[in-house]
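> Have a look at this one before I ask anything.
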Amino acid sequence: MIKMAGHNAIAVASICILVLLSSVVIGGVSADNDVHESHSMHTVRVLCSVAMFKDECINTLGKFAHSEHFSPGDYVKAGLKLALDEVVKSLHLADTLLPKAEHSKQPERVKMAIDDCKDLLDYATQRLSAVFNQVGDPHIYKEETKSWSLRLWLSDIITYQTSCVDGFVEAQDPELHSVMRHGTVNATELTMSILDIVTYLSKSVDELGSDLNPDKLVENLA
Numbered sequence: 001m002i003k004m005a006g007h008n009a010i011a012v013a014s015i016c017i018l019v020l021l022s023s024v025v026i027g028g029v030s031a032d033n034d035v036h037e038s039h040s041m042h043t044v045r046v047l048c049s050v051a052m053f054k055d056e057c058i059n060t061l062g063k064f065a066h067s068e069h070f071s072p073g074d075y076v077k078a079g080l081k082l083a084l085d086e087v088v089k090s091l092h093l094a095d096t097l098l099p100k101a102e103h104s105k106q107p108e109r110v111k112m113a114i115d116d117c118k119d120l121l122d123y124a125t126q127r128l129s130a131v132f133n134q135v136g137d138p139h140i141y142k143e144e145t146k147s148w149s150l151r152l153w154l155s156d157i158i159t160y161q162t163s164c165v166d167g168f169v170e171a172q173d174p175e176l177h178s179v180m181r182h183g184t185v186n187a188t189e190l191t192m193s194i195l196d197i198v199t200y201l202s203k204s205v206d207e208l209g210s211d212l213n214p215d216k217l218v219e220n221l222a
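Residue numbers for the sequence shown follow our numbering, so the first one is 1 and each next one is one higher.
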């Protein structure tokens, strides 16, 4: 019985040691992953700290935080691509409103608002595409004229989206106004966040260096 008890004690002790070792190994791997994730996510959080819609910005750009090689310019491009996708969705949404115009109090004015909205959103997609093709170049933030044009285009995109929505107020159709307001909110807020980030990068490029070094970015804003 004593020998049996001794064997049991040894077995229990061995299991405890194995569990402890497993915890250390797994904990070590998790810690490494956390460090990797926190470095990229910290860059995202710092970038988004200058944005008006910080939480939405972090949630959106955080989707790309798995890449440790992403520069601030890469995050801006990724955000613009998502904004472009959202504007295209809004454009498709506007197409679905035409049948509802017939049941409006002022169908002709509503149809005009829909047509204007589609034109404005089409302009927005064109400008977004143009901006997307430029923001990845870190040197653009060093050239004042190009940097200013970049910010002006982003402001235009926001204006196009808000003007699209406001057109339904003028057409006196609160239902369709609500539909388009909710349908464009993601694109508008994301574009505004990108504008805030681009403005910051343009003003701080001397401190960040020509490559928009993310470590310097973190140091500047953290």
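Cβ atoms here follow ideal geometry from the backbone N, Cα and C, with glycine treated the same way.
For ALA113, report the span of its alpha helix (DSSP H) as first-last.
Unbroken alpha helix (DSSP H) run through ALA113: 107 to 135.
> Taking the straight line between their C-alpha atoms, what separation do you get for VAL205 and TYR141?
Looking at the two C-alpha atoms, the distance is approximately 6 Å.
> Kindly indicate which residue of LEU84, SER40, SER49 and ASN59 has the alpha-carbon position closest to the one of HIS69.
Comparing Cα positions, the closest option is SER40.
> Would the beta-carbon of SER104 fall within 7 Å of that of THR184?
No, the pair does not count as a contact, with Cβ atoms beyond the cut-off.
> Helix, strand or coil: which one does DSSP assign to LYS146?
Helix at LYS146.
> Tell me whether MET192 is buried or exposed, calling it buried when 16 or more other Cβ atoms sit within 10 Å of its Cβ.
Buried.
> Once the 5 residues before and after ILE194 are set aside, which same chain residues still bring their CB inside 7 Å of it?
Contacts found: VAL76, GLY79, LEU80, ALA83 and LEU154.
> For GLN100 and ALA113, what's the separation of their Cα atoms in angstroms?
Per the sequence presented here, residue 100 reads as Lys, with Gln not at that position. Near 12 Å, if we compare the C-alpha coordinates of ALA113 and LYS100.
> Nearest-angstrom Cα distance between LEU98 and LYS63?
So the alpha carbons of these two residues sit roughly 35 Å apart.
> With C-beta atoms as the reference, is CYS57 less than 7 Å away from ALA94?
In this structure, ALA94 does not lie closer than 7 Å to CYS57 by Cβ.
> Considering only C-alpha positions, which residue in the set LEU152, ILE197 and VAL88 is nearest to THR125?
Ranking LEU152, ILE197 and VAL88 by Cα distance to THR125 puts VAL88 first.
> Reducing DSSP to helix, strand and coil, say where GLN161 ends up.
Correct three-state label for GLN161: helix.
> Return yes when the Cβ of ARG151 is within less than 7 Å of the Cβ of VAL198, no when it is not.
Yes. Within cutoff.
> If you check the beta carbons only, do VAL50 and ASP196 fall under 7 Å apart?
In this structure, ASP196 lies closer than 7 Å to VAL50 by Cβ.
> Helix, strand or coil for TYR192, going by three-state DSSP, please let me know.
For the sequence presented, residue 192 should be read as Met rather than Tyr. If DSSP states are grouped into helix, strand and coil, MET192 belongs with the helices.
> Would you grab the beta carbon distance between LEU231 and SER163 for me? Rounded to a whole angstrom, and I think it's under 8 Å.
There is simply no residue 231 to check, as the chain begins at 1 and stops at 222 in what is shown.
> Excluding the 5 residues preceding and the 5 following GLY73 in the sequence, name in chain order all residues of the same chain whose CB lies nearer than 7 Å to its CB.
Correct list, in chain order: VAL135, GLY136, PRO138 and LEU212.
> My guess is that ALA187 and GLU86 are in contact by the Cβ rule of under 8 Å, so how many angstroms apart are they, rounded?
Confirmed, about 4 Å.
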